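Here the structure is laid out as structure tokens; the discussion comes afterwards.
Protein chains: 4
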Amino acid sequence: MSSSHANSQEKKKDRRSVREESRAVYRQAIMQAAIQIFGRTGFRDTKIADVAAEAGVATGTLYNYFSSKEDIFQSILDDGRERLGAELELLANIEDPLVRLRELVRVMFGFLEQHGALFSIYMQIGVNPVTFKCEADAGDEAFRQAILAQITAFLAEAGARVRLDHPSQTLAMALGGLINAAILAWVEGGCQPGLSDQTEVIMDLFLYGATPR
Amino acid sequence: MSSSHANSQEKKKDRRSVREESRAVYRQAIMQAAIQIFGRTGFRDTKIADVAAEAGVATGTLYNYFSSKEDIFQSILDDGRERLGAELELLANIEDPLVRLRELVRVMFGFLEQHGALFSIYMQIGVNPVTFKCEADAGDEAFRQAILAQITAFLAEAGARVRLDHPSQTLAMALGGLINAAILAWVEGGCQPGLSDQTEVIMDLFLYGATPR
Amino acid sequence: MSSSHANSQEKKKDRRSVREESRAVYRQAIMQAAIQIFGRTGFRDTKIADVAAEAGVATGTLYNYFSSKEDIFQSILDDGRERLGAELELLANIEDPLVRLRELVRVMFGFLEQHGALFSIYMQIGVNPVTFKCEADAGDEAFRQAILAQITAFLAEAGARVRLDHPSQTLAMALGGLINAAILAWVEGGCQPGLSDQTEVIMDLFLYGATPR
Amino acid sequence: MSSSHANSQEKKKDRRSVREESRAVYRQAIMQAAIQIFGRTGFRDTKIADVAAEAGVATGTLYNYFSSKEDIFQSILDDGRERLGAELELLANIEDPLVRLRELVRVMFGFLEQHGALFSIYMQIGVNPVTFKCEADAGDEAFRQAILAQITAFLAEAGARVRLDHPSQTLAMALGGLINAAILAWVEGGCQPGLSDQTEVIMDLFLYGATPR
DNA sequence: TATGAATGAGCATTCATTCAT
DNA sequence: TATGAATGAATGCTCATTCAT
């Protein structure tokens, strides 16, 4: 009897965990599909039906996992931020601030290479603060600012090893621009592998400029 | 009689030119209105009715001057490109390629300051080649490339006055990134006057980098 | 010239009044159609598309005249209330309160005979205070109460000509019940002409009861 | 062995009757829950999920006991009719037809007081023969008619003790209207206890009318 | 048999475009 | 040619029902 009881409990647990796992799997599948479609078509032009089709589920199913089209979009952004944020946190161990800066660039490039489609979602809001309205970009703008703040802090920590006749913010903005330019070129080139290799080039131009020494 | 005939012809001409002028005035009014609304609301979220209201005409009237919502949008872009292109052509007179480069930056910044609302239209397509689909961005991407090509040419013309261990395209891309960064910061700051003043800063960072000499 | 000017003004006026008239015609046509369909199908089961079809217009057209499905429903109720209210006001001239009461019954019966379909709309909210929730019934419940209040007042004015061992409100409630019963029977009988003829019967039963004198 | 056999048969019986009892318990629980929710929200606005939640079962379970949402609704009505019918049958013992009539009113009032929520379900179809369409109201309309027929019969049985210048049906209809009015007032007053006390008032007004003797 | 997630038909509303005046 | 009302296709979301576990 006790075994049967234990068994029943076990089954319940199993069922629950199976269900939870299944939920996670569905959520991920939907988000992956949505990343593809949003990335390809843009938020407004994406039809929920298309996302469902890409995910291989019925439209109604989406609403068992997300409350609305916007919720899906937000969840993708949040998820991406979380992942990138986690990767960036690992940089804290690096002693030298300029090395840390270089690795930050490398991490971002690596992240984009891994999550190409996700990136174009970011493009829809991150690069264009004017177009995309309040609802959706709040969190993301904060994230952009957070990265810029980190770059600024690294530069400040570098002290006299970088120029002091421009404020750290200005230098950070410049590096941000160079990173974006590399990304843009990479996207235009069709997202071919090798973005990470641009790290050295970007850092070289950032640190030493276009003039020969 | 001949005078009367001449008169009649003149009248016809007048009438025709008056009509043409009137058409041009309407077109301009509609485009101005559309720039405001598109800039404020984004392409997809803009309603034709709002553009018409802003322009002070009936919705049907728009379709006497433009064939569709997209046509209006495209016309705005073409118009802007034409104007900026004309301003950039004036640079040809400048001898020194690096001075020419600096003035190119200044011209772009000046243009943006003058056409703030127009700029955010550009944002909707120019900065994000991924999102905005084929129909609309063809012309604009070409324009972007044209500017980059010009920058590249200027840099090539500068010969050994710039580093030769990176291809001119790479340097051009870097300058493009710095320009974009400055623009982005300007927009985030609320498009306050003074963007042109960033020309020196951008060129300084581009040419000499972040490392003290 | 002045004549031409006057003419132009006239035309404008004409156009405006024609337009206003046209608007009114459309509104009425849509409301009539909606009365039919709501009456036949009930609020929830009525599809906007059906109303539009019945009215002979496109679905979008409805929204040029009403802001929502509920707005159409409300407008029908308001309109009906207004008409019935106007008819009831004419009773004020009648001296004898009991005659006035009888004529009130006759007016209500006559109104229903004229607006049969409209009646079943009333049924959807008026008779069932429990089911139909807050949004829609506020105005109508108030109207019901207003009529009951009027009946109550007439009875009070009748003084000792009616029984004083029950409060006027109770008597009014009873008369209301008799009216409703007659209406119900009339509806069940297929809304055949002759409802007004029930006035005397209802008043007779109300005043003298079921017991022979 | 035979005992074991008998035992086994007994067990089967037990098991079956246990199962049947269990089925009945579930059915009742679901119907009770549905009465609450339907009464609160109305048929169309009630979600099966809400009924299931109120009943404390899964949505799928409902469909093991009822074939559809409408089936649940119908079952509630049938059940209520059955119960009320049973109570009304007890009146048969009463000799005097007018006393029987009075007790019929009392039984109905008592039934409503006991089954308040059920009542508002009745309201959704019983009082409004126009709105609620054929599928659902057939049974109920029949029941309404059955009650009216009973009232009519009682009145006919009363012979000259009631007025003969109106057909019994008309008198029955009048009493039905008075009953409804009392119910309506009771509902509007929030279903406070004491509805049964209205029996005397209703009968008094029905029998003697509003005119003092 | 209970479960609860998947299903997908159904529907109110929007808005670019057309067209009669 | 200007007008602005009519048009109707398009789409996000709901929820009764089914079904695999």
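So the protein lines, in turn, are chains A, B, C and D.
At position 22 of the first sequence the residue is numbered 21 (numbering that gives the first Met the number 0), and the sequence of numbers has no breaks.
At position 112 of the second sequence the residue is numbered 111 (numbering that gives the first Met the number 0), and the sequence of numbers has no breaks.
At position 202 of the third sequence the residue is numbered 201 (numbering that gives the first Met the number 0), and the sequence of numbers has no breaks.
At position 88 of the fourth sequence the residue is numbered 87 (numbering that gives the first Met the number 0), and the sequence of numbers has no breaks.
The beta-carbon is built from N, C-alpha and C at its ideal position, and this holds for glycine as well.
Remember, it's a predicted structure, so these values are computed and weren't measured experimentally.
Please check the pair residue i and residue j, which I expect to be a contact at CB under 8 angstroms, by giving their CB distance rounded to whole angstroms.
i        : j        : result
A:LEU97  : A:ALA157 : 5 angstroms
B:ARG79  : B:LEU117 : Per the sequence shown, the amino acid found at residue 79 of chain B is Gly instead of Arg. Sure, about 5 angstroms apart at Cβ, within 8 angstroms.
A:GLY175 : A:LEU147 : 6 angstroms
C:ALA51  : C:THR60  : 7 angstroms
D:LEU206 : C:ALA209 : 5 angstroms
D:GLU86  : D:VAL104 : That pair is no contact at about 12 angstroms.
B:THR169 : B:ARG101 : 19 angstroms between Cβ atoms; not a contact.
D:LYS68  : D:ILE47  : 6 angstroms
B:ALA181 : B:ILE201 : 5 angstroms
D:PHE153 : D:ARG212 : Not confirmed; about 24 angstroms, so no contact.
D:ALA173 : C:LEU204 : 5 angstroms
A:ILE36  : A:ASP49  : 5 angstroms
Is it right to say residue i is buried, meaning 16 or more other beta carbons lie within 10 angstroms of its own, or is it exposed?
i        : result
C:ASN63  : exposed
B:THR161 : This sequence places Val at residue 161 of chain B; Thr is not what is there. Buried.
D:ASN92  : exposed
B:GLN55  : Strictly speaking, residue 55 of chain B in this sequence is Gly, with Gln absent from that position. Per the 10 Å Cβ criterion, exposed.
A:SER2   : No answer about A:SER2 holds up, because its pLDDT of 44 lies below 50 and its placement is not dependable.
D:LEU163 : exposed
C:SER220 : No information on residue 220 of chain C is available, as it lies outside the stretch 0 to 212 that chain C covers here.
A:GLN27  : exposed
D:ALA145 : exposed
C:ASP196 : exposed
D:ARG18  : exposed
C:ARG43  : exposed
D:SER167 : buried
C:ALA159 : exposed
C:GLY189 : exposed
A:ALA32  : buried
Is the Cβ of residue i closer than 8 angstroms to any Cβ of chain D?
i        : result
C:VAL24  : no
C:MET107 : no
C:VAL161 : yes
C:THR169 : yes
C:ASN179 : yes
C:PHE205 : yes
C:GLY176 : yes
C:ALA59  : Checking the displayed sequence, the identity of residue 59 of chain C turns out to be Gly instead of Ala. With 8 angstroms as the cut-off, C:GLY59 does not count as an interface residue toward chain D.
C:GLY208 : yes
Any beta-carbon of chain A closer than 8 angstroms to the one on residue i?
i        : result
B:PHE110 : no
B:GLY189 : no
B:VAL200 : yes
B:PRO96  : no
B:ALA135 : At B:ALA135, the pLDDT of 40 sits below 50, so the modelled position is not reliable; the number obtained from the coordinates is stated separately. Judged by the 8 angstroms Cβ criterion, B:ALA135 is not in contact with chain A.
B:GLY158 : no
B:ALA173 : yes
B:GLY193 : no
B:ALA184 : yes
B:ASP196 : no
Kindly say whether residue i, judged by its beta-carbon, lies nearer than 8 angstroms to any beta-carbon of chain C.
i        : result
D:ALA33  : no
D:PRO128 : A caution first: D:PRO128 carries a pLDDT of 33, below 50, which makes its placement in the model unreliable, though a value can still be read off. By this cut-off, D:PRO128 is an interface position.
Does the beta carbon of residue i come closer than 8 angstroms to any beta carbon on chain B?
i        : result
A:GLY79  : no
A:HIS114 : no
A:PRO166 : no
A:ARG43  : yes
A:PRO211 : yes
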